[in-house]
Amino acid sequence: MSTKITGLNAVFLIPRKYVEFGTGQTSTQHATHGEKPQAVSTANTEKILTSAFIVEDNLLISLDLKKHLKQLGIDKIDIFGDISSARAALAKGKPSMMFLDVHLGNENTFQLGIEIQKLSIPFLFITGYGAAIELPEELSDVDILTKPVDTTLLKRSIEAFGFKV
Numbered sequence: 001m002s003t004k005i006t007g008l009n010a011v012f013l014i015p016r017k018y019v020e021f022g023t024g025q026t027s028t029q030h031a032t033h034g035e036k037p038q039a040v041s042t043a044n045t046e047k048i049l050t051s052a053f054i055v056e057d058n059l060l061i062s063l064d065l066k067k068h069l070k071q072l073g074i075d076k077i078d079i080f081g082d083i084s085s086a087r088a089a090l091a092k093g094k095p096s097m098m099f100l101d102v103h104l105g106n107e108n109t110f111q112l113g114i115e116i117q118k119l120s121i122p123f124l125f126i127t128g129y130g131a132a133i134e135l136p137e138e139l140s141d142v143d144i145l146t147k148p149v150d151t152t153l154l155k156r157s158i159e160a161f162g163f164k165v
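Taking UniProt numbering, the leading residue of the sequence shown gets 1, the next gets one more, and so forth.
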């Protein structure tokens, strides 16, 4: 926590089990100058998740995540054990979504995350280090799932991007 001339600046971590994703309910805009409030839809446009890339160096974990994604109805899932393979696949075509293990051996996937963010590909980090891992500032708003991945949380995280699963 810090104080600045612009006000108090603080970071709060809320355990994932206490977070609920919105349901796309309608909200009311504040009326100005005597206008009547108008209903505004907050629902995301539903998209179909047709393909996914998993970037994970542990075969068992990647196969487990692939199983969860298949259970959610995603048919085309490619697994890459290193960053260079994932980059080569991205050069050939973009998936609907990506799932990145934070640490792959001696390297991390932060730079890859920044690259795919620029390509407007939705993605999540997956780590065994817990949700409190410190991300670079450019990636601070990216969701983190912890291993082993819970199917319900995975589904909610995917739906938060507007995908129907």
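C-beta atoms are modelled at their ideal positions from N, C-alpha and C, and glycine is treated no differently.
- Contact between the stretch 121 to 129 and the stretch 71 to 83 is absent: fewer than three C-beta pairs spanning the two stretches fall below 8 Å.
- According to the DSSP assignment, I79 belongs to the beta strand (DSSP E) that extends over 76 to 80.
- Partner residues in the beta bridge of E107, as assigned by DSSP, are L104.
- Residue range 59 to 71 is occupied by the alpha helix (DSSP H) that includes L59, with no beta strand (DSSP E) assigned at that position.
- In this structure the stretch 143 to 157 does not lie against the stretch 112 to 119, because fewer than three pairs of beta carbons, one per stretch, are closer than 8 Å.
- Cβ atoms of K147 and G128 come within 8 Å of each other, at about 4 Å.
- Judged by DSSP secondary structure, I83 falls within the alpha helix (DSSP H) whose first and last residues are 83 to 92.
- In this structure the stretch 132 to 146 does not lie against the stretch 44 to 55, because fewer than three pairs of beta carbons, one per stretch, are closer than 8 Å.
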